[in-house]
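Numbered according to my numbering, the sequence shown spans residues 11 to 279. Beta carbons: idealized from backbone N, C-alpha and C, even for Gly. This one's a predicted model, so the numbers in the text were calculated from it and none came from an experiment. Below you'll find the structure, written out as structure tokens, and then a few comments.
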Amino acid sequence: MKKPNILFILLDDMGWKDLACTGSTFYETPNIDRLSREGMSFTNAYASCPVCSPSRASFLTGKYPARLGLTDWIDMDGTCHPLRGRVIDAPYVKHIPEGEYTVAQALRDGGYAAWHVGKWHLGGEAYYPDKEGFDVNIGGCSWGHPHQGYFAPYGIETLPEGPDGEYLTDRITDEAIRLIRSHDGEKPFFLNLCHYAVHEPIQVKPEDRERFVRKARELGLDQETALVEGELMHTEDKAGKRVMRRVLQSDPDYAAMIWNLDWNIGRLL
11 MKKPNILFIL
21 LDDMGWKDLA
31 CTGSTFYETP
41 NIDRLSREGM
51 SFTNAYASCP
61 VCSPSRASFL
71 TGKYPARLGL
81 TDWIDMDGTC
91 HPLRGRVIDA
101 PYVKHIPEGE
111 YTVAQALRDG
121 GYAAWHVGKW
131 HLGGEAYYPD
141 KEGFDVNIGG
151 CSWGHPHQGY
161 FAPYGIETLP
171 EGPDGEYLTD
181 RITDEAIRLI
191 RSHDGEKPFF
201 LNLCHYAVHE
211 PIQVKPEDRE
221 RFVRKARELG
231 LDQETALVEG
241 ELMHTEDKAG
251 KRVMRRVLQS
261 DPDYAAMIWN
271 LDWNIGRLL
């Protein structure tokens with residue numbers, strides 16, 4: 011039996027209700043909706059951790075974060091994590107533990123070409139994708155978000171710069187399409203496509219934003235209260251402050267970011 015090509019697409023920081031197929035009436039995701047409609051949708055599946063690095067490490071290794079000792083997003087310089095309160099912190103390493111057998115290594119041992127494109131956030135250069143079983147690494151580095159923004163120049167060391175003003179989500183998709191089109195087909199491929207979107211900074215192309223400015227205005231959502239105060243925070247650095255809860259999906263910038271992401275998934279498919 012011929013081995014299938016494998017395309018794994020990971021989106022960053024997207025809420026479960028940020029898709030039309032899961033209930034949003036403001037955000038538009040026709041291509042992801044089509045995947046849900048024509049494929050299989052898991053409605054009782056959960057990430058192994060609510061933050062970035064541990065979830066990524068779990069997917070790559072098949073282990074829970076506690077097993078790996080990688081229990082929070084990786085802060086390379088040690089200055090960004092807030093105080094967590096008067097509790098003992100969980101084990102916290104700043105990279106994939108050495109010696110772990112990743113899905114990329116397993117598939118490559120099984121005859122696959124293994125490619126990584128996009129966000130990584132699993133340690134410094136010694137732990138980049140090409141050190142963890144991938145044949146190709148485009149755009150994967152220690153960053154958890156695009157530090158210089160979504161418009162070129164990006165400053166990502168593993169991604170050659172594009173022309174000024176190029177949009178990162180478009181570029182990552184271009185790189186994925188290029189790999190697929192240039193593949194000779196001798197081996198099946200595993201493409202690990204990890205978008206930086208929709209992680210902050212929330213930056214969008216003007217024409218995409220205008221689409222949802224108009225939509226919010228037409229629906230009257232631009233006149234409604236979208237954020238309300240929620241429960242109190244209890245970490246020492248935010249004591250007395252409250253979580254701001256979004257009760258209405260009406261933000262044209264975030265909607266535009268989702269729209270562009272979905273459009274790029276459509277291009278790839």
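**Message:** If I follow the unbroken beta strand (DSSP E) through CYS204, where does it start and stop?
**Reply:** Here the beta strand (DSSP E) through CYS204 covers 199 to 204.
**Message:** Please classify GLN158 as buried or exposed, where buried requires at least 16 other C-beta atoms within 10 Å of its C-beta.
**Reply:** It counts as exposed.
**Message:** Is it buried or exposed, ARG9, if we count other Cβ atoms within 10 angstroms and call 16 or more buried?
**Reply:** This structure does not reach residue 9, given that the chain is present from 11 up to 279, and the question cannot be answered.
**Asked** So, helix, strand or coil for ILE4, using DSSP?
**Response** Since the first and last residues shown for the chain are 11 and 279, residue 4 lies out of range.
**Request:** Kindly confirm or deny that the stretch 138 to 153 and the stretch 229 to 248 touch, where touching means at least three C-beta pairs closer than 8 Å.
**Result:** Judged by Cβ distances under 8 Å, the stretch 138 to 153 makes no contact with the stretch 229 to 248, as fewer than three pairs qualify.
**Item:** Counted within 10 angstroms of its Cβ, other Cβ atoms place SER63 as buried (16 or more) or exposed
**Value:** Under this definition SER63 is a buried residue.
**Request:** Pick out whichever of TRP273, LYS73, PHE200, PRO40 has its Cα sitting closest to the Cα of ALA57.
**Result:** Answer by Cα proximity: LYS73.
**Request:** From the DSSP output, in three-state form, read off GLY128 for me.
**Result:** For GLY128, the three-state secondary structure derived from DSSP is strand.
**Item:** Continuous alpha helix (DSSP H) assignments of at least 4 residues falling wholly in the stretch 225 to 256
**Value:** List check, alpha helix (DSSP H) in window: nothing returned.
**Item:** Same chain only: Cβ atoms within 8 Å of ILE187, ignoring 5 sequence neighbours per side
**Value:** Only ARG277, LEU278 meet the Cβ criterion.
**Message:** Just to confirm before moving on: does the CB-CB distance between PHE52 and TYR122 stay below 8 Å?
**Reply:** The answer is no: Cβ separation not under 8 Å.
**Asked** Below 8 Å between beta carbons: does that hold for ARG256 and ALA236?
**Response** The beta carbons of ARG256 and ALA236 sit closer together than 8 Å.
**Request:** Go ahead and pull the three-state DSSP assignment for TYR177.
**Result:** TYR177 sits in a strand when the DSSP states are folded into three classes.
**Message:** Using 8 Å as the cut-off, can you tell me whether the stretch 102 to 113 makes contact with the stretch 161 to 168, which would need three or more C-beta pairs spanning the two stretches below that distance?
**Reply:** Touching, no, given that fewer than three Cβ pairs across the two stretches are closer than 8 Å.
**Prompt:** Where do the ends of the beta strand (DSSP E) carrying ASN41 lie?
**Reply:** For ASN41, there is no enclosing beta strand (DSSP E); the residue is part of the alpha helix (DSSP H) that begins and ends at 40 to 48.
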